[in-house]
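Our numbering puts the first residue of the sequence shown at 21, with every later residue one more than the last. A short write-up of the structure that comes next.
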Amino acid sequence: MTASLPLSLGSELRDLVVQWRRHLHQQPELSFHEEETARFVHETLEGFGGLEITRPTATSVLARLVTGRPGPILAMRADMDALPIAEDTGLPFASANRGVMHACGHDGHTATLLGAVKQLLAMRDQLRGELRFIFQHAEEVYPGGAEEMVQRGVMDGVDRVIGAHLWASLEVGKVGVVEGAAMAAPDTFWITVRGKGGHGAIPQQTVDPIAVAAQVVTNLQHVVARSVDPIDSAVLSVTQFHAGTAHNVIPDVAELNGTVRTFDAALRTRIPQVMERIIKGVTEAHGATYDFTYERGYRSLINDVTVTREMAAVVEAACGPDVLTTLRPTMGGEDFSAFLQKAPGSFFFIGAGNAARGIVHPHHHPRFDIDERALETGVRIFVEAARRFNG
Ligand code: NI
Numbered sequence: 021m022t023a024s025l026p027l028s029l030g031s032e033l034r035d036l037v038v039q040w041r042r043h044l045h046q047q048p049e050l051s052f053h054e055e056e057t058a059r060f061v062h063e064t065l066e067g068f069g070g071l072e073i074t075r076p077t078a079t080s081v082l083a084r085l086v087t088g089r090p091g092p093i094l095a096m097r098a099d100m101d102a103l104p105i106a107e108d109t110g111l112p113f114a115s116a117n118r119g120v121m122h123a124c125g126h127d128g129h130t131a132t133l134l135g136a137v138k139q140l141l142a143m144r145d146q147l148r149g150e151l152r153f154i155f156q157h158a159e160e161v162y163p164g165g166a167e168e169m170v171q172r173g174v175m176d177g178v179d180r181v182i183g184a185h186l187w188a189s190l191e192v193g194k195v196g197v198v199e200g201a202a203m204a205a206p207d208t209f210w211i212t213v214r215g216k217g218g219h220g221a222i223p224q225q226t227v228d229p230i231a232v233a234a235q236v237v238t239n240l241q242h243v244v245a246r247s248v249d250p251i252d253s254a255v256l257s258v259t260q261f262h263a264g265t266a267h268n269v270i271p272d273v274a275e276l277n278g279t280v281r282t283f284d285a286a287l288r289t290r291i292p293q294v295m296e297r298i299i300k301g302v303t304e305a306h307g308a309t310y311d312f313t314y315e316r317g318y319r320s321l322i323n324d325v326t327v328t329r330e331m332a333a334v335v336e337a338a339c340g341p342d343v344l345t346t347l348r349p350t351m352g353g354e355d356f357s358a359f360l361q362k363a364p365g366s367f368f369f370i371g372a373g374n375a376a377r378g379i380v381h382p383h384h385h386p387r388f389d390i391d392e393r394a395l396e397t398g399v400r401i402f403v404e405a406a407r408r409f410n411g
């Protein structure tokens with residue numbers, strides 16, 4: 021059952037937000053290539069009037085609503101990029117850009133924030149300080165757009181920053197908050213095990229990199245299981261294993277690739293050290309050698325406890341008492357963490373799933389979809405947050 025939503029938006033704005041989302045959904049663009057998306061957002065904002073609009077980077081947009089009355093600066097962020105996925109939803113507004121799809125809901129994020137801007141412009145006489153709307157490019161691909169926008173000064177002077185993700189695993193009508201550690205730091209590693217190839221029937225003349233790399237994979241399972249405090253959280257997944265070309269040839273090399281996820285900064289530093297000790301030991305024991313590359317991704321996303329509690333109250337005021345839920349952290353990554361380096365803030369999750377309507381596919385799936393009622397929930401929360409912090 022969908023919870024009751026007391027604070028109602030005009031149906032005209034509600035329809036506009038859905039229209040914007042569908043337009044964006046049909047024209048998805050990959051990270052760092054959001055040219056048309058940014059142009060659409062820029063033009064739509066210009067059409068509203070009353071904003072100071074700039075382009076911090078080629079495919080991002082910043083809009084400022086400066087009330088002229090002293091008060092804090094509240095930043096709100098939406099990401100705008102899509103994914104290299106061939107859409108399989110059959111929706112009438114499915115992607116017209118073959119092989120590219122809004123499969124994470126960023127189309128909805130952008131439409132939601134546009135809706136909030138429009139509503140807040142209509143209420144500007146009741147507001148003080150400044151509202152800063154960040155339409156960010158490239159969330160999906162490291163190094164991400166957030167860091168770049170922060171470097172261009174979009175967070176200068178900001179007192180609070182909020183952002184949201186439409187969330188498929190949460191039913192529409194629910195909104196989830198997480199205090200403290202909410203999303204992990206997603207790191208990537210590559211391992212090449214170098215042996216000595218030869219005939220599959222004469223193994224004694226070879227150093228078999230497949231057998232050695234298999235031991236590396238097995239032993240890497242000890243990193244989380246045996247060297248991380250069980251109270252801490254970490255993931256180490258080997259997700260690719262490539263080697264060999266024929267049934268009777270032992271190859272020279274085996275290549276592994278995977279991801280490490282952590283919340284804690286010290287643990288994040290220690291894990292690659294433990295990994296390398298294991299890789300070195302295993303490969304040496306079998307006469308092989310190795311290359312090990314470890315690339316740090318986004319920082320972990322740690323929500324400010326005070327702002328998160330304030331946002332919980334905002335959600336209840338905007339959407340009613342039965343809407344709010346507390347979520348467990350996820351090991352997924354998010355470059356919203358870059359904004360949180362500059363100001364306290366909170367990243368929350370807007371339920372967008374609907375099992376009864378078959379809206380059940382996970383993010384980044386070719387059949388991912390949202391229940392569009394979630395868009396209105398998002399607009400309401402952003403508007404209510406502005407009223408609470410800048411009213
Ligand atoms: Ni996303």
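Ideal Cβ placement from N, Cα and C applies to all residues, glycine included. Model, not experiment: these values are computed from the prediction.
Please report how far the alpha carbon of residue i lies from the alpha carbon of residue j, in whole angstroms.
i: Ala-23; j: Gly-340; result: In this predicted model, Ala-23 has a pLDDT of only 37, less than 50, meaning its place in the structure is not dependable; the value taken from the coordinates is given anyway. Using only the alpha carbons, I get a separation of about 8 Å.
i: Val-236; j: Val-161; result: 28 Å
i: Arg-377; j: Asp-389; result: 10 Å
i: Ala-103; j: Glu-167; result: Position check: residue 103 holds Leu in this sequence, whereas Ala was assumed. Approximately 19 Å, taken between the alpha carbons.
i: His-185; j: Gly-149; result: 26 Å
i: Leu-71; j: Val-181; result: 19 Å
i: Leu-27; j: Gly-398; result: At Leu-27 the pLDDT is 49, less than 50, meaning the model places this residue with poor confidence; the figure from the coordinates comes in the next sentence. Rounded to whole angstroms, Leu-27 to Gly-398 spans 12 Å at the Cα level.
i: Ala-123; j: His-45; result: 9 Å
i: Leu-25; j: Ala-372; result: Any answer about Leu-25 is weak, because its pLDDT of 38 lies below 50 and its placement is not dependable; what the coordinates show is given next. Roughly 15 Å separates the two Cα atoms.
i: Arg-316; j: Gly-196; result: 28 Å
i: Gly-301; j: Phe-312; result: 13 Å
i: Lys-138; j: Thr-238; result: 54 Å
i: Met-21; j: Ala-158; result: Here Met-21 scores only 33 on pLDDT, less than 50, and its place in the model should not be relied on; the value that follows carries that caveat. One C-alpha to the other measures close to 35 Å.
i: Ile-401; j: Leu-29; result: 11 Å
i: Thr-303; j: Gly-220; result: 20 Å
i: Ile-230; j: Asn-268; result: 13 Å
i: Arg-408; j: Ser-31; result: 23 Å
i: Leu-347; j: Met-203; result: 11 Å
i: Thr-79; j: Glu-55; result: 5 Å
i: Phe-153; j: Gly-67; result: 15 Å
i: His-306; j: Ile-299; result: 11 Å
i: Glu-336; j: Arg-329; result: 11 Å
i: Ala-188; j: Thr-350; result: 13 Å
i: Thr-259; j: Pro-250; result: 23 Å
i: Gly-217; j: Ile-270; result: 5 Å
i: Ser-247; j: Gly-193; result: 41 Å
i: Asp-331; j: Thr-309; result: Per the sequence shown, residue 331 should be read as Met rather than Asp. Answer to the nearest angstrom: the Cα atoms are 52 Å apart.
i: Gly-110; j: Asn-117; result: 14 Å
If you follow the alpha helix (DSSP H) that residue i is in, where does it begin and where does it stop?
i: Asp-127; result: 126-142
i: Arg-332; result: A quick correction: the sequence has Ala, not Arg, at residue 332. 325-339 is the span of the alpha helix (DSSP H), which, as asked, contains Ala-332.
i: Gln-39; result: 31-46
i: Gly-165; result: 165-171
i: Thr-64; result: 55-68
i: Thr-486; result: With the chain represented from 21 up to 411, any question about residue 486 goes unanswered, as that position is not in the structure.
i: Phe-402; result: 393-410
Ligand 1 and residue i: does the residue's C-beta get closer than 7 Å to at least one heavy atom of that ligand?
i: Glu-159; result: yes
i: His-62; result: no
i: Gly-91; result: no
i: Gly-125; result: yes
i: His-385; result: no
i: His-45; result: no
i: His-185; result: yes
So residue i and residue j are in contact, right, with Cβ under 8 Å, and what is the actual spacing, rounded?
i: Ala-131; j: Leu-395; result: 6 Å
i: Leu-65; j: Leu-151; result: That pair is no contact at about 12 Å.
i: His-381; j: Gly-125; result: Not quite, the Cβ-Cβ distance comes to about 11 Å (not below 8 Å), so this is no contact.
i: Met-175; j: Ala-363; result: 6 Å
i: Asp-391; j: Asn-374; result: 4 Å
i: Gly-183; j: Phe-367; result: 5 Å
i: Ala-406; j: Leu-147; result: 6 Å
i: Glu-107; j: Pro-386; result: 6 Å
i: Arg-281; j: Pro-206; result: 6 Å
Tell me the residue span of the beta strand (DSSP E) that contains residue i.
i: Pro-206; result: 205-214
i: Met-94; result: In the sequence as presented, Met is not what sits at residue 94; that position holds Leu. It spans 93-99 - the beta strand (DSSP E) in which Leu-94 sits, taken as one unbroken run.
i: Thr-303; result: Element bounds for Thr-303: not the beta strand (DSSP E) but the alpha helix (DSSP H), 285-305.
i: Phe-155; result: 150-156
i: Leu-190; result: 180-191
i: Gly-196; result: 195-197
i: Thr-309; result: 309-315
Uninterrupted alpha helix (DSSP H) stretches inside the region 347-382 (no shorter than 4 residues): 357-360
Runs of alpha helix (DSSP H) lying entirely within the region 217-276, each at least 4 residues, in chain order: 229-247
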